[in-house]
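Here's the structure, in structure tokens; my notes come after.
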Ligand code: FES
Ligand code: FES
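Residue numbers (the numbering used here), protein chains in the order written: chain V, 236 to 1001; chain G, 21 to 173.
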């Protein structure tokens, strides 16, 4: 499958109009105006073309070379541990034919009119900008070659860029990039369709583990700058008391004691959300002080009475029953693959199971935080760890009654994101407080309790699965009722049904070869703020489906791995639309069909790596699960040991990733390792529960996450790899979904106990 | 008046007696390499060394450090070339990096007490330090690498 270079359009060479980056008169590649200009009646757009503000490939936006030959690359995606800042720099360096040792990477401010889409979510940065940034690099390289050819009065065909210099092939003469920078900057950017990309065989950086990550030395020495690390002159500090129930408001408050705390400067009310964009703050009272500690103490002294509002009765135990009742009735039909009642009635054996997954919270190690001040010349300036800087500008502008273009967002490193930091409510809080403080710089910090009790939580869900097997143990009917509050409730009146993208995360996008499949989505109401959590609805869907397959295998008396492969059926390419999956991660169903051959291959490989079928001591078991998400195929196999007291230890994990071609192998492995840890965390202990509308957890004691002593000592990642002309899959999220089901399937093999409710703990100890 | 030797420099403190070391380091001294993760001694992000031994700065009062040497990540090695820092780079330990100052200082404290830790020693010493990105396997490997190099030297 070829990924065509998208439609050419002229690149305007604005550097000649003098829009310089100020790096000393070299090849100054400044603002450009091309990209995916979106016509109003355009046909359906996919991939990066469908993203807000599209994409850019103008080299002047991303690449600058000064007369010493120093290269400065601008990274416009947000770095939160996935390594994108390094990986995109490798892509540009490769095509530029530069020496990475002479490359510096700077972080772009939030500015989508300039850079194209900057939302760093959906595991799509590399997929969406790999080709545009290769073209940017190739265009700059071509300009340098043209400048050298002109200098030598030689045909361009006789010159070749080679490791930070251009060589005249017949004579061996060469000119460095520094020597050519100025002349190259004066040339027009070559038309997109004339660019020659490097063949993969010539790659020195892409697909190699050739470099150390760009910020890593700063990280291990404490110099790296995260959201809370800016200290502008005149800084004051704030924490916020927020309504304990989502949708609540301040009824009354008494700040007298707070104002007596030494260092406390002011108590500033923050309005509850108004009609307008999502991700506005919840409202409450900010305590502003001369230090974070004084602000925290001041907040403790605050007396507030809250109106709890419509969600005051939210109770997780009761809500579970509501979900169960809903899932036991027919729901909105999402996919109707035939007469399900008849197929079930005709089956020799029936299996029904309900899987419950509670809310989760992100707990990135860096809690939400931001620093905002009035810009000296007007407008506002934020330093913030955000996944979506343009959205941040827009919501801050709304709250301050200003325009997005007057809001500067400097994106710091993110101390973890996992979807939480796609919602900029915390930046808006800092902005509102700064305004109330006359534009003074305000650093606003969320404590861990704030983070855990005021998150945009991963949804809670009840997944009900029913299947019929024929006399030979073949599955002939499959009905899945998925029932979960939707993220859509964060964007407007609660639709009470999962959105196409949520359903397309594994529920309808079901690559099984079963005669009759039906997917329904009964109603579920939202009673708290729901948001994206790394891999989103793939978590409940993959958990339920991959567990259920293992249950069906047991019912049929079959090996679970063989049974799973049989359900997937022969290698074929499935058009997601044929399953009523209109999402497919925003990608073209023609270019990105679901490939069951690839799914089979990762499952087979994971099983082989863990030594599927070997004899194990008592108390140990093997489990496997496979899943397609974010255009990537992953499978996890696990060996677990369950002690007599129910304690689970993962002895070994093998995670196989087929994300197509791999740009930065070490970082893909790191993401896979981290996903195993996060997947184990959510399976073993992850749970947010509500009572009287209030989250019952508050810190790492009540929301435990995996620690080093629980991590598998044997953790193996296997990358399949692929052709660089083929589709790129995602990496940050798709390794998470198969982990929890692999774990419970292994527990079943070890103990005969089937865990249907997460977290696991309770089931095994009972 | 409290006097603390922070990264070799004498610093004085006369603020509120209940001020945690963490906020003094970050907000007053500008040593932002020390991170806030939980405030309750549950995560290890704020770990610093006090006379060479790891403590949680969020639950240690500045006054408790009176007369002592406090080492933050900025002061662990003058050129950032402590064997642990080098191993962390070589093995590509950090993901987001936010927990790593605490992890490295905790590991330094471990190796001071036990230059040749077993797997169980590493688990015991490091289990107070959370990494939400899940870099534990590499943290474990990096500590072993440094310990093994020490064994050969
Ligand atoms: S911030 Fe001190 S242990 Fe978490
Ligand atoms: S590297 Fe992100 S929390 Fe440890």
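Even for Gly, the Cβ is constructed at its ideal location relative to N, Cα and C.
Where residue 129 of chain G falls: helix, strand or coil (DSSP): helix
Whole beta strand (DSSP E) elements within the segment 445 to 520 of chain V, 3-residue minimum: 471 to 476, 484 to 489 and 499 to 505
Supposed contact pair residue 756 of chain V and residue 575 of chain V - C-beta distance, whole angstroms, cut 8 Å: Not a contact, Cβ separation roughly 15 Å.
Selection from V:999, V:847 and V:966 that minimises the alpha carbon distance to residue 896 of chain V: V:966
CB of residue 480 of chain V within 8 Å of CB of residue 544 of chain V, strictly: The answer is yes: Cβ separation under 8 Å.
Segment contact, 8 Å Cβ cut-off, at least three pairs: the segment 857 to 875 of chain V with the segment 975 to 987 of chain V: yes
Residue-level contact to chain V via CB, residue 162 of chain G, 8 Å cutoff: no
Within-8 Å CB hit, residue 152 of chain G to chain V: It does: the Cβ of residue 152 of chain G has a partner Cβ on chain V nearer than 8 Å.
Beta carbon proximity, residue 624 of chain V to chain G, threshold 8 Å: no
Those residues which DSSP pairs with residue 596 of chain V across a bridge: BP columns for residue 596 of chain V are empty, so no partner.
Cα-Cα separation between residue 982 of chain V and residue 509 of chain V, rounded to whole angstroms: 48 Å
Proximity of residue 928 of chain V and residue 547 of chain V at Cβ, strictly below 8 Å: yes
Sequence-distant residues of its chain with Cβ nearer than 6 Å to residue 507 of chain V (five each side left out): The answer, listed in chain order, is 484 and 518.
Ligand 1 heavy atom lying under 7 Å from the CB of residue 848 of chain V: no
Which of helix, strand or coil DSSP assigns to residue 999 of chain V: In this structure, residue 999 of chain V counts as helix in the three-state DSSP scheme.
Between the CA atoms of residue 791 of chain V and residue 76 of chain G - distance to the nearest angstrom: 54 Å
Proximal residues of chain V, C-beta to C-beta of residue 62 of chain G below 7 Å: 934, 935 and 936
Contacting residues, own chain, Cβ-Cβ under 7 Å from residue 759 of chain V (five flanking each side not counted): Correct list, in chain order: 558, 561, 718, 719, 720 and 731.
Cβ-based neighbour list, residue 433 of chain V, same chain, cut-off 7 Å, excluding 5 preceding and 5 following: 329 and 330
Backbone CA spacing between residue 552 of chain V and residue 25 of chain G [nearest angstrom]: 53 Å
The segment 732 to 739 of chain V / the segment 616 to 624 of chain V touching (three or more Cβ pairs under 8 Å): With a cut-off of 8 Å, the segment 616 to 624 of chain V and the segment 732 to 739 of chain V do not count as touching, because too few Cβ pairs lie within range.
Meets three-Cβ-pair contact criterion under 8 Å: the segment 402 to 412 of chain V and the segment 347 to 362 of chain V: no
Where residue 1004 of chain V sits in the DSSP three-state scheme: No statement about residue 1004 of chain V is possible, as the shown extent of chain V runs from 236 to 1001 and does not include it.
Interface positions of the segment 451 to 464 of chain V facing chain G (Cβ-Cβ less than 9 Å), listed along the chain: 451, 452, 453, 454, 455, 456, 457, 458, 459, 460, 461, 463 and 464
Interface residues of chain G facing residue 649 of chain V [CB-CB closer than 7 Å]: Under the 7 Å cutoff, chain G gives 116.
Among V:641, V:919 and V:836, the one whose alpha carbon lies nearest that of residue 805 of chain V: V:836
Beta strand (DSSP E) segments (min. 3 residues) lying fully within the segment 599 to 636 of chain V: Here the runs fully enclosed are 604 to 609 and 615 to 619.
For residue 264 of chain V, the three-state DSSP class (helix, strand or coil): With a pLDDT of 36 at residue 264 of chain V, under the threshold of 50, the predicted position of this residue should be treated as unreliable, though the coordinate-derived value follows. In this structure, residue 264 of chain V counts as coil in the three-state DSSP scheme.
Whole-angstrom distance between residue 985 of chain V and residue 995 of chain V, CA atom to CA atom: 14 Å
Ligand 2 heavy atom lying under 7 Å from the CB of residue 249 of chain G: The displayed coordinates of chain G run from 21 to 173. Any statement about residue 249 of chain G would go beyond what the structure contains.
Reduced DSSP secondary structure (H/G/I, E/B, other) of residue 244 of chain V: Low confidence applies to residue 244 of chain V: its pLDDT is 31, below 50, so where it sits in the model is not reliable enough to give any reading.
Contact residues within the segment 95 to 106 of chain G, judged by C-beta distance below 7 Å to chain V: 100 and 105
Whether residue 150 of chain G touches residue 940 of chain V by CB criterion (8 Å): Yes. Within cutoff.
Closer than 7 Å: residue 62 of chain G CB and nearest ligand 1 heavy atom: Yes, ligand 1 has a heavy atom inside 7 Å of this Cβ.
Which residues DSSP lists as bridging residue 929 of chain V, in chain order: V:926
Inter-residue CB distance, residue 527 of chain V and residue 47 of chain G (contact presumed, cutoff 8 Å): Contact holds; Cβ gap of about 6 Å.
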